[in-house]
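Each residue of the sequence shown is one higher than the one before, counting from 4 in our numbering. Glycine is no exception: its CB is placed at the ideal position from the N, C-alpha and C atoms.
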Amino acid sequence: MNDILLLKQGEIVLKGMNRKYFEQKLISNINRRLSRIGKFRVYSVQSTIYAEPLSDDIDMDAAEEAMKKTFGIISMSRAAACAKDKDVILAAAKEYLHDQLMAASSFKVESKRSDKTFPMTSIELSQYVGGELDDAYPHLKVDVHEPELTVNIEVRDYAAYVHGNKLPAAGGLPVGVGGRAVSLLSGGIDSPVSTYMMAKRGVMIIPVHFFSFPYTSELAKGKVIDLARELLDYCGRLTLQVVPFTHIQEEIRDKCPEEYFTLVMRRFMMKIADKIALDNGCGAIITGENLGQVASQTMQAIGVTNAAASVPVLRPLIGMDKEEIVTVARKIGTFDTSILPYEDCCTVFTPRHPRTKPTLDEVLEVEQALDCEALIAEAIANTENIKITK
Ligand code: ATP
Ligand code: MG
């Protein structure tokens with residue numbers, strides 16, 4: 004018999020009336036992800052979701068990896084399924100948990116039984132298996148209060164399951180329960196992290212990238228596609244929108260004073276993102292902005308940029324230190340791609356002395372020189388949609 008995955012729901016269990024909806028969303032996200040690996044039966048019993056492979060040739064390591072990145076699951080265990088017999092259960096524990104039993108110095112056995120026809124009570128089963136394991140592994144101490152290893156046994160309708168300590172999983176809320184948002188994805192370190200953080204709060208993401216070919220190369224675009232691919236395991240489904248930004252940047256360069264280049268450019272990004280958000284049923288825009296990191300991220304500059312959007316702008320990184328952001332980027336696997344050296348459109352026409360304390364009025368005045376509406380319409384009309392796949 005193959006092993007199965009036991010997935011513990013996190014915060015979802017707190018959600019009262021919405022609980023059923025949250026759980027259904029999580030199960031459908033789990034089903035979609037596991038369907039790429041093989042056929043599974045997925046069902047929930049008392050806030051644990053069981054994912055049971057339906058054939059023996061399924062790659063359970065791949066399934067475990069996929070589930071570790073599925074938001075809404077707070078911890079998980081891989082359990083061996085075996086026949087409902089005390090000695091078969093003991094043999095399964097010895098075989099399946101051998102490495103963990105060797106590595107631990109103390110342990111306890113905890114049993115649950117939903118099949119009440121099983122001939123032993125939970126306590127009797129724990130005592131039997133605990134006693135036998137204690138004899139078989141002389142280095143192990145029994146510690147019922149703070150054991151290093153808990154050997155869990157569950158006797159259910161069709162089989163018994165044996166598993167060790169829980170493994171931590173991604174936490175958060177199932178993607179989809181938090182609505183949808185457009186996420187501005189550059190090639191940098193920050194925006195993949197801000198995208199991940201909002202997906203973790205259950206937000207379905209539409210990534211948008213502004214592309215200034217030929218000032219930035221196809222390689223820069225490829226890098227953003229790679230970043231989106233790295234985020235796919237967390238975000239579920241992603242279709243990257245690549246917005247041509249060259250004409251807008253050239254117009255800004257030709258018609259605006261240099262010190263306003265970045266501000267005006269960032270306001271264009273916001274206006275276009277806002278339009279894409281409204282056209283796609285999104286309730287917010289996400290950015291990787293971070294207070295004080297660069298000239299365009301002073302409080303005044305953020306205020307001027309913010310005024311260009313009608314939907315709320317979410318900035319999950321606003322109060323983080325760079326080091327904290329880098330730690331997350333490494334953890335989620337985007338860091339190495341982010342530091343590849345291809346130029347981003349922001350660096351193409353960087354002013355030597357950017358305005359750090361702009362007012363909205365002066366920026367609106369500067370924008371008078373541009374036909375903003377036509378430029379935005381043109382950019383949106385030529386946006387390329389790229390469905391991200393593994
Ligand atoms: P990042 O590391 O995410 O690029 P950053 O520190 O370089 O951030 P900026 O370049 O000022 O900061 O950009 C701030 C935010 O604006 C980014 O985090 C991202 O959300 C968005 N952004 C910047 N450039 C682009 C782009 N070319 N396409 C899409 N979004 C962008
Ligand atoms: Mg950047």
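Scanning its chain for C-beta atoms nearer than 7 angstroms, with the 5 sequence neighbours on each side dropped, one finds around D6 the residues M63, R81, A82, A83, A84, in chain order.
Distance from V267 to V185 at the Cβ level is roughly 20 angstroms; contact not present, criterion being Cβ atoms closer than 8 angstroms. Rounded to whole angstroms, the separation of the alpha carbons of E113 and A202 is 35 angstroms.
Three or more beta-carbon pairs separated by less than 8 angstroms are not found between the region 293-302 and the region 161-174, which leaves the two stretches without contact.
One Cα belongs to R35, the other to L373, and the distance between them is close to 46 angstroms.
DSSP, reduced to helix, strand and coil, places T242 within a strand of the structure shown. The region 371-391 and the region 247-262 touch, with three or more beta-carbon pairs separated by less than 8 angstroms.
Annotated three-state conformation of R269 is helix, per DSSP. A buried status is given to G181, since no fewer than 16 other beta-carbon atoms sit within 10 Å of its beta-carbon. Only residues of its own chain outside the window of five on either side were considered, and among them G291, N293, L320, I328 have a CB closer than 7 angstroms to the CB of D193, listed in chain order. Cβ contact annotation for E135 (same chain, cutoff 7 angstroms, sequence separation greater than five): L93, in chain order. Taking the CA atoms as reference points, A173 sits about 43 angstroms from E262. At a threshold of 7 angstroms, I279 does not count as near ligand 1, since its beta carbon sits no closer than that to any of the ligand's heavy atoms.
Short of 8 angstroms from the beta carbon of D229, and not among the five residues preceding or following it, lie these beta carbons of its own chain, in chain order: T340. Here the alpha carbons of V307 and C238 stand approximately 30 angstroms from one another.
DSSP lists no bridge partner for I328. The beta carbon of M207 lies closer than 6 angstroms to those of V178, G179, R183 in the same chain, with the five residues before and after it left out. Judged by beta-carbon spacing, S108 lies within the 8 angstroms limit of E151, meaning their Cβ atoms are closer than that value. When secondary structure is reduced to three states using DSSP, D102 falls in the helix class.
Checking the 7 angstroms criterion, the Cβ of D229 is out of range of every heavy atom belonging to ligand 1. In the DSSP annotation of this structure, the continuous segment of the beta strand (DSSP E) that includes Q12 starts and ends at 6-12.
Within the same chain, and ignoring the five residues on either side of L367 in sequence, no residue has its Cβ closer than 8 angstroms to its Cβ. Proximity to K87 across T120, S78, V316 peaks at T120, based on C-alpha coordinates.
Distance from the CA of H356 to the CA of G190, rounded to the nearest whole angstrom, comes to 24 angstroms. The beta carbons of D277 and A312 sit about 5 angstroms from each other, so the pair counts as a contact at 8 angstroms.
Residue environment for I126: exposed (fewer than 16 other C-beta atoms within 10 angstroms of its C-beta). With distances taken between CA atoms, T73 lies nearest to L234 out of G284, M302, L234. The residues R36, L37, R39, I40, D236, in chain order, have a CB closer than 8 angstroms to that of A69 in the same chain once the five nearest residues on each side in sequence are set aside.
When the alpha-carbon of A66 is set against those of S47, L8, R116, I279, the nearest one is in L8. Relative to the non-hydrogen atoms of ligand 1, the Cβ of M272 comes within a distance shorter than 7 angstroms of at least one.
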